[in-house]
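Numbering (our numbering), first residue to last: 428 to 673. We put the beta carbon where it would ideally sit given N, CA and C, even for glycine.
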């Protein structure tokens, strides 16, 4: 056997390092730059062909092949096997490690915020593009959509983009909850909502751990052939302006 599940391939995977530190600025840039990283991520711990990755990213085979050669030179990618065929053989590639650590000193960022923004910029665009596509299943005419911003005596409670209700009865939303239609059986599985929570430090820590456990639980449900979902969870304390004296 010479496939990805062969004993030799499994042995090679077992011997590969789990984490690799990237002190070379050129290699670090691949993981720190959101645009370049999108070409590398499909190879992380999966054996892939250039044609498959090009199809997945929606780019030309030449564009992916250029990046593959770059990653090979930097030691980030390796050839796992070669598939013989008439003409040029097909190479299969996989990342050199399962995980990577890029120290701040190996990047060109002048601050932690700059590094964070550059690293997540492409992810942010991907989330917005996927959400926009998903929203189109609810209503294909943008005139049906609107922003719902709601609060109570404690301040902002929720902010979300949703289709307007055809009835136009906004008074009913206060009684029913404007996010409830998203939870209906026939509605697509979409959730994008910004809310402010008033929590003790212990409750916030509990929420953090429960979110992690929830993500890990559903990450284990890998059903071949089922649709993929992009999920991003964010929980952060915020600084509030001091309340003005009454």
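Query: From 535, 481, 543 and 458, residue whose alpha carbon lies closest to that of residue 524; Result: 458
Query: Alpha carbon of residue 520 to alpha carbon of residue 509, nearest angstrom; Result: 9 Å
Query: Simplified DSSP assignment, three categories, for residue 494; Result: helix
Query: Among 453, 472 and 535, nearest to residue 446 - alpha-carbon criterion; Result: 472
Query: As assigned by DSSP and simplified to three states, the class of residue 558; Result: helix
Query: Limits of the alpha helix (DSSP H) - the one that residue 642 falls within; Result: 628-646
Query: Segment limits, alpha helix (DSSP H) that includes residue 528; Result: Unbroken run through residue 528 is the beta strand (DSSP E), 526-528; no alpha helix (DSSP H).
Query: Inter-residue spacing [alpha-carbon to alpha-carbon] between residue 672 and residue 578; Result: Any answer about residue 672 is weak, because its pLDDT of 46 lies below 50 and its placement is not dependable; what the coordinates show is given next. Going from the Cα of residue 672 to the Cα of residue 578 covers about 21 Å.
Query: Three-way DSSP call (helix, strand, coil) for residue 571 in this model; Result: helix
Query: Residue 657 beta carbon less than 9 Å from that of residue 557; Result: yes
Query: Stretch-stretch touch, CB-based, cutoff 8 Å, three pairs: the region 530-550 with the region 487-497; Result: no
Query: Integer Cβ distance of residue 561 from residue 617, believed to fall under 8 Å; Result: 5 Å
Query: Exposed unless 16 or more other CB atoms sit within 10 angstroms - verdict on residue 665; Result: exposed
Query: Spatial distance of residue 517 from residue 462 (CA atoms); Result: 26 Å
Query: Residue 589 beta carbon less than 9 Å from that of residue 609; Result: yes
Query: Limits of the beta strand (DSSP E) - the one that residue 512 falls within; Result: Residue 512 -> no beta strand (DSSP E), and no H or E assigned at all.
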